[in-house]
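Okay, structure first, notes after.
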Amino acid sequence: MTTTTPVKQIMHERKSVRKYNANTTISRETIMQLLQNATSSPSSSNMQPWRFIVIDDKEIQKNINIFSFNQEQIETASAIIAVIGDTEMYLNSEEIYAENVELGYMPEEIANKLAQDSLGMYGALPKEALLNIVHFDAGLISMQIMLLAKEMGYDTVAMGGFDKSKFAEYMELPTNEVPILLLAIGEAAGPAYGSSRLPIERLVRFNK
Numbered sequence: 036m037t038t039t040t041p042v043k044q045i046m047h048e049r050k051s052v053r054k055y056n057a058n059t060t061i062s063r064e065t066i067m068q069l070l071q072n073a074t075s076s077p078s079s080s081n082m083q084p085w086r087f088i089v090i091d092d093k094e095i096q097k098n099i100n101i102f103s104f105n106q107e108q109i110e111t112a113s114a115i116i117a118v119i120g121d122t123e124m125y126l127n128s129e130e131i132y133a134e135n136v137e138l139g140y141m142p143e144e145i146a147n148k149l150a151q152d153s154l155g156m157y158g159a160l161p162k163e164a165l166l167n168i169v170h171f172d173a174g175l176i177s178m179q180i181m182l183l184a185k186e187m188g189y190d191t192v193a194m195g196g197f198d199k200s201k202f203a204e205y206m207e208l209p210t211n212e213v214p215i216l217l218l219a220i221g222e223a224a225g226p227a228y229g230s231s232r233l234p235i236e237r238l239v240r241f242n243k
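Using this note's numbering, read the sequence shown as starting at 36 and increasing by one per residue.
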């Protein structure tokens, strides 16, 4: 007899929740711990291009909803986690690889080479390529955030439907930081809808 592993259970219990208890608060310490755990996510060359803006001020939540298609969950969720991509993430390469040396993960000469390689490679890429990278990496960590939140007893929904230009302007983001998605987090005010999946046989091919 097989048993469902905790990870499988969390995966199947996670649903996109759009109705939240507006009176539920989540401490900033809890959200910080959630995001800290989520940063175990892989990223391109370990450049960790994700940045987060946690919006737990109801007035700001209301304001960003003006250019986010007036989605109820933006105003009633305990917080909105804006996942941001930093297209200048490679500027942190020396710090990142120096930490790897300090932690004993690699010799200093290898770390120095990897840091310089990252600076040279990513620094030479066009903006479009960098945008593709930060979007890909943001997707990886966003899924981890949602699963970790569910494990902690909170619900989430990912939202890509908002005016990213207006969001960047309102939040006064520097040009190297691009908004990618908004994650609502809180306590569900009602059951979420189930959702079907296409048969796996239609989705998978082996080899050619």
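Idealized CB from N, CA, C, for every residue including glycine.
Which residues share a DSSP beta bridge with A73?
Numbered from 1 along the sequence shown, position 38 holds the residue referred to as residue 73. BP columns for A73 are empty, so no partner.
Measure the C-alpha to C-alpha separation of M82 and L160 and round it to an integer number of angstroms.
As a working note, residue 82 is residue 47 in the sequence shown. As a working note, residue 160 is residue 125 in the sequence shown. Distance between the alpha carbons of M82 and L160: 14 Å.
Who are the near neighbours of P142 in its chain, counting only those whose CB is closer than 8 Å to its CB and skipping five residues on each side?
Taking the first residue of the sequence shown as position 1, residue 142 is located at position 107. These residues qualify, in order along the chain: V136.
Hey, would you say I61 sits closer than 9 Å to S128, going by beta carbons?
The count along the sequence shown starts at 1 and reaches residue 61 at position 26. The count along the sequence shown starts at 1 and reaches residue 128 at position 93. No, these two residues do not count as a Cβ contact at 9 Å.
Note the first and the last residue of the continuous beta strand (DSSP E) segment covering I119.
Within the sequence shown, the letter at position 84 stands for residue 119. Run containing I119: 114-121, per the beta strand (DSSP E) assignment.
CA-CA distance, T59 and L165?
Counting from one through the sequence shown, the residue named residue 59 turns up at place 24. Counting from one through the sequence shown, the residue named residue 165 turns up at place 130. Rounded to whole angstroms, T59 to L165 spans 37 Å at the Cα level.
If I measure Cβ to Cβ from P84 and keep anything under 8 Å in the same chain, skipping five residues before and after, which residues do I get?
The residue you call residue 84 lines up with position 49 of the sequence shown. Result list for P84: S78, G120, D121, T122, M124, I168, V169, D172, A173, in chain order.
Taking its Cβ as the centre, do 16 or more other Cβ atoms sit within 10 Å of K185, making it buried, or is it exposed?
For the purposes of this step, residue 185 is taken as residue 150 along the sequence shown, with counting starting at 1. Its Cβ being crowded by 16 or more others within 10 Å, K185 is buried.
Once the 5 residues before and after L175 are set aside, which same chain residues still bring their CB inside 8 Å of it?
As a first step, residue 175 is located in the sequence shown; it is residue number 140 there, counting from the start. Answer for L175: S76, P77, S78, listed in chain order.
Among S200, E163, I131, which has the Cα closest to the Cα of L149?
In the sequence shown, counting from the first residue as 1, residue 149 sits at position 114. Measuring from the Cα of L149, the nearest candidate turns out to be I131.
Determine whether the beta carbon atoms of P214 and A117 lie at a separation below 9 Å.
For the purposes of this step, residue 214 is identified with residue 179 of the sequence shown, where counting begins at 1. For the purposes of this step, residue 117 is identified with residue 82 of the sequence shown, where counting begins at 1. Yes, the pair counts as a contact, with Cβ atoms nearer than the cut-off.
Residues bridged to L216 by DSSP?
Locating residue 216 in the sequence shown gives position 181, counting from the first residue. The partner list for L216 (beta bridge, DSSP) reads V118.
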